[in-house]
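Convert by adding 10 to the 1-based position in the sequence shown; the result is the number in the working numbering. Glycine included, every Cβ here is placed at the ideal spot set by N, Cα and C. Quick caveat: nothing in here was measured; it's all calculated off a predicted structure. Structure first, then comments.
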Amino acid sequence: KGNTMKRSFFASSDSGLAFTDPHDRKRYPVAFLDGRLWMTSNLKRFVAFQSVSHGDKDVDDHFGLLYRCDEELEDVLPEGFRLPSAEELKSMFAKWKELVAIHPLDVPSVLNRYGDIPLAGTAFQANPYESPEFRDFGDKGVYLTSSRDEQGYRLALCMTRDGCKTTRVLSGEHCSIRLTLNTETLN
């Protein structure tokens, strides 16, 4: 896998620009926000032993799947996309909230163009053969980032309706993933 992507992976339609994942043919709307191209929904790619379903297809379609945070994610990420840093994710969320605040009477249009920031909580699964325990569903969104703390632990961005902060990811914990693609990686 490289870090470049052909423009042909993207298609434009009446509903805007979208990326179709060649792995499972799922379609992800994308939008430019805060200088980057972002998926406007959380990742929904199933990968055995690395992703967890909420157990309901409609919930999975809206919130995306949750991904094991202490694993390497080469098999999870679509080619050309990457995990954002904590700062990039914070900046994107702030820009999204600003757009919603600027257009309070037209929030459906903002959501249609830039997607929702669903608060899907987290799941903890000590054993990959057991069912996960879901936590904070609908109150907190925990998004995996590429950032690490001083000890090398992966960080997640914990977002509530009031704001966001970084937190260390625990072994066995699962988080949502929102991906970005730097525009310069398009060729």
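Can you name the start and end residues of the beta strand (DSSP E) that residue i belongs to?
| i | result |
| --- | --- |
| Leu154 | Gly151 to Arg158 |
| Val40 | Arg37 to Leu43 |
| Cys79 | Note, Cys79: premise wrong, no beta strand (DSSP E); not H, not E. |
| Thr170 | Arg164 to Thr170 |
May I ask you to report which of helix, strand or coil DSSP gives residue i?
| i | result |
| --- | --- |
| Phe29 | strand |
| Gly74 | coil |
| Val179 | coil |
| Val69 | helix |
| Val220 | A query on residue 220 cannot be resolved here, the shown segment of the chain reaching from 11 to 197 and no further. |
| Thr199 | With the chain covering only 11 through 197, there is no way to say anything about residue 199. |
| Thr50 | coil |
| His184 | strand |
Our contact map puts residue i next to residue j with C-beta atoms below 8 Å; I'd like the distance itself, whole angstroms only.
| i | j | result |
| --- | --- | --- |
| Ser51 | Pro39 | 7 Å |
| Phe103 | Met169 | 6 Å |
| Leu75 | Val62 | 6 Å |
| Leu121 | Leu167 | Actually they do not touch by this definition, with Cβ atoms about 20 Å apart. |
| Arg92 | Thr190 | 6 Å |
| Cys185 | Tyr163 | 13 Å between Cβ atoms; not a contact. |
| Ser157 | Ala96 | 4 Å |
Would you decide whether residue i is buried or exposed? Buried here means 16 or more other CB atoms lie within 10 Å of its CB.
| i | result |
| --- | --- |
| Ile187 | buried |
| Ala133 | buried |
| Gln60 | buried |
| Thr155 | buried |
| Asp34 | exposed |
| Phe84 | Here residue 84 is Glu; the residue named in the question, Phe, does not match the sequence. It is exposed - the Cβ of Glu84 has fewer than 16 other Cβ atoms within 10 Å. |
| Arg78 | buried |
| Lys175 | exposed |
| Phe42 | exposed |
| Ala111 | exposed |
| His113 | exposed |
| Arg178 | exposed |
| Asp172 | exposed |
| Glu183 | buried |
Check: Taking only runs of the alpha helix (DSSP H) that begin and end inside the stretch 82-125, which ones reach a length of at least 4 residues, in chain order?
Finding: 96-112 and 117-124
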